[in-house]
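J.: Going by my numbering, the sequence shown runs without a break in its numbering and finishes at 137. For glycine and all other residues, C-beta sits at the position ideal for the given N, C-alpha and C. If you scroll down you'll find the structure; I have some questions about it.
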Amino acid sequence: MPRKPPNYGKLRADERQKLDAWLADKGCRCPSCGAREWGEPDAGMLAFASGVSASHPDDHPVIKLPCGRCGLLAFFDPFTIGVY
């Protein structure tokens, strides 16, 4: 069974600080409009089809982050960022 991220749906204050520091360190810009203003992040799960059957997806924790300007929704791996 897939592992749900802690605080599923909302990041704690310390997790948000790690995310903000990582975004600033990487100079992350929205790939659509070039903005550096990001909206409120949300922790969730993203299903990826695995093998030959999409009926048995591999779920993976993600941080969903909307662009504050154009609304593009970006997905980040919380393990790479160090949030989980």
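Using three-state DSSP, classify Ala74 as helix, strand or coil.
T.: To locate residue 74, count along the sequence shown from 1; it is residue 21. Here Ala74 sits in helix by DSSP.
J.: If you draw a straight line from the alpha carbon of Gly135 to that of Asp112, how long is it in whole angstroms?
T.: As a working mapping, residue 135 is identified with position 82 in the sequence shown. As a working mapping, residue 112 is identified with position 59 in the sequence shown. One C-alpha to the other measures close to 19 Å.
J.: Classify Pro119 as helix, strand or coil using the three-state DSSP reduction.
T.: Counting from 1 along the sequence shown, the entry for residue 119 is found at position 66. Reduced to three states, the DSSP call for Pro119 is strand.
J.: Nearest to Arg89 by CA position, among Ile116, Gly121, Ala127, Lys71, is which residue?
T.: If you number the sequence shown from 1, residue 89 lands on position 36. When only C-alpha atoms are compared, the closest one is Gly121.
J.: My output table needs one value for Asp112: the three-state DSSP class, helix, strand or coil.
T.: Taking the first residue of the sequence shown as 1, we reach residue 112 at position 59. Asp112: strand per DSSP, three-state reduction.
J.: With DSSP as the reference, identify every bridge partner of Asp67, one or two as the case may be.
T.: As a working mapping, residue 67 is identified with position 14 in the sequence shown. Asp67 pairs with nothing; no bridge assigned.
J.: Cα separation between Ala127 and Ile116?
T.: To locate residue 127, count along the sequence shown from 1; it is residue 74. To locate residue 116, count along the sequence shown from 1; it is residue 63. If I take the Cα positions, the gap works out to 8 Å.
J.: Does the distance from the CB of Leu118 to the CB of Gly92 come in under 8 Å?
T.: What you label residue 118 is simply residue 65 of the sequence shown in a count that begins at 1. What you label residue 92 is simply residue 39 of the sequence shown in a count that begins at 1. Going by C-beta atoms, Leu118 is nearer than 8 Å to Gly92.
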